[in-house]
Amino acid sequence: AQKVTQAQTEISVVEKEDVTLDCVYETRDTTYYLFWYKQPPSGELVFLIRRNSFDEQNEISGRYSWNFQKSTSSFNFTITASQVVDSAVYFCALSGGATNKLIFGTGTLLAVQP
Amino acid sequence: DAGVIQSPRHEVTEMGQEVTLRCKPISGHDYLFWYRQTMMRGLELLIYFNNNVPIDDSGMPEDRFSAKMPNASFSTLKIQPSEPRDSAVYFCASSGRDRPFEQFFGPGTRLTVL
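If you read the protein sequences in the order shown, they are chains A and B. Heads up, the working numbering is the position in the first sequence plus 15, with the first residue counted as 1. Heads up, the working numbering is the position in the second sequence plus 841, with the first residue counted as 1.
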């Protein structure tokens with residue numbers, strides 16, 4: 016069975032702090048994809064990144080970076096120098112095998128205080 | 842190109858009434874997904890289509906829920922009769938054949954059943 020665990024329910028930081036959101040996944044598939052989505056207070060789901068299981072290179076996009084480690088089944092997301100606009104719920108998701116189904120974690124609510 | 846379009850954005854109805862949610866996927870996308878988001882269950886996939894054909898409807902909660910995709914540019918999710926526990930945000934998402942695992946979400950329909 017596939018499962019995504021985001022153990023951190025809520026995180027509160029002060030602006031300019033770095034913050035890491037944890038994601039641990041379970042799957043028996045050898046080919047799978049991992050995702051992060053952002054859901055700001057307005058409610059829409061915004062795609063941030065996709066990573067496939069064969070590519071363990073870490074990725075950086077501006078203040079965002081992602082650390083994929085197959086050995087620990089983790090796909091963590093770091094925001095450097097956080098800003099108030101980063102306040103949102105962040106979802107980690109998994110898709111694999113022959114299906115396009117996205118299995119979402121329960122989300123982490125990030126509150127960045129000014 | 843316009844993103845995924847959903848209507849209505851908000852729907853308030855009374856228990857027992859029929860509710861129809863609508864979705865227009867991104868042009869050229871051949872996968873369409875319906876998700877439901879609640880506080881209790883988080884984000885869960887209800888059903889998805891490929892080339893207008895339902896592929897996996899295992900997430901549809903019960904027979905009161907039905908979904909159709911009569912053509913490549915339109916899908917409906919119908920609840921009949923509606924119940925208070927159906928209150929949720931319903932998201933539609935689509936993805937293309939070239940990147941089937943990258944789903945783009947619509948703004949969602951917030952359904953309240955009184």
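All C-beta atoms in this analysis are idealised placements derived from N, C-alpha and C, irrespective of residue type, glycine included. Bear in mind the structure is a predicted one, so any value in this text is a computation, not a measurement.
Burial state of residue i (16 or more Cβ within 10 Å)
i, result
"residue 69/A", "exposed"
"residue 910/B", "buried"
"residue 853/B", "exposed"
"residue 845/B", "buried"
"residue 955/B", "exposed"
"residue 75/A", "exposed"
"residue 72/A", "exposed"
"residue 998/B", "No information on residue 998/B is available, as it lies outside the stretch 842 to 955 that chain B covers here."
"residue 858/B", "exposed"
"residue 146/A", "Any question about residue 146/A goes unanswered here, given that chain A covers just 16 to 129."
"residue 929/B", "buried"
"residue 908/B", "buried"
"residue 912/B", "exposed"
Bridge partner(s) assigned by DSSP for residue i
i, result
"residue 126/A", "27/A"
"residue 115/A", "Partner(s): none; residue 115/A has no beta bridge."
"residue 885/B", "877/B"
"residue 915/B", "912/B"
"residue 847/B", "864/B"
"residue 897/B", "889/B"
"residue 940/B", "937/B"
"residue 852/B", "952/B"
"residue 907/B", "919/B"
"residue 103/A", "125/A"
"residue 16/A", "Answer is none; residue 16/A lacks a bridge partner."
"residue 108/A", "50/A and 119/A"
Contacting residues, own chain, Cβ-Cβ under 8 Å from residue i (five flanking each side not counted)
i, result
"residue 28/A", "34, 97, 125, 126, 127 and 128"
"residue 860/B", "852, 854, 919, 920, 921, 923, 927, 952 and 954"
"residue 914/B", "865, 866 and 868"
"residue 925/B", "856, 954 and 955"
"residue 54/A", "60, 61, 103, 104, 105, 106 and 122"
"residue 46/A", "67, 68, 69, 111 and 112"
Beta-carbon contacts of residue i that lie in its chain and below 6 Å, excluding the five residues immediately before and after
i, result
"residue 938/B", "871"
"residue 39/A", "20, 88 and 89"
"residue 121/A", "21"
"residue 956/B", "Shown here, chain B extends from 842 to 955; a query on residue 956/B therefore has no answer."
"residue 916/B", "864, 873 and 910"
"residue 83/A", "66, 71 and 90"
"residue 93/A", "35 and 80"
Chain-ordered chain D contacts of residue i [CB-CB under 7 Å]
i, result
"residue 106/A", "Among the protein chains in the structure shown, which are A and B, there is no chain D."
Nonlocal neighbours in the same chain, by C-beta distance under 7 Å from residue i, ignoring five residues either side
i, result
"residue 932/B", "876, 878, 946, 947 and 949"
"residue 30/A", "97, 98, 99, 127, 128 and 129"
"residue 848/B", "863"
"residue 32/A", "97"
"residue 891/B", "871 and 872"
"residue 886/B", "874, 876 and 900"
Check your understanding: Is the stretch 105-125 of chain A close to the stretch 18-28 of chain A, with three or more CB pairs under 8 Å?
Key -> yes
Check your understanding: Would the stretch 77-96 of chain A and the stretch 858-870 of chain B be scored as touching if the rule is three or more Cβ pairs under 8 Å?
Key -> no
Check your understanding: Would the stretch 843-860 of chain B and the stretch 876-886 of chain B be scored as touching if the rule is three or more Cβ pairs under 8 Å?
Key -> no
Check your understanding: How about the stretch 930-937 of chain B and the stretch 897-909 of chain B: do they share at least three Cβ pairs that are nearer than 8 Å?
Key -> Too few Cβ pairs lie closer than 8 Å, so no.
Point to revise | Cβ contact check for the stretch 941-951 of chain B and the stretch 43-60 of chain A: 3 or more pairs under 8 Å | key: yes
Review point. For the stretch 18-89 of chain A, which segments carrying the beta strand (DSSP E) assignment without a break, of at least 3 residues, lie completely within its bounds, in sequence order?
Key: 18-20, 25-29, 34-36, 39-41, 47-54, 61-67, 74-76 and 79-84
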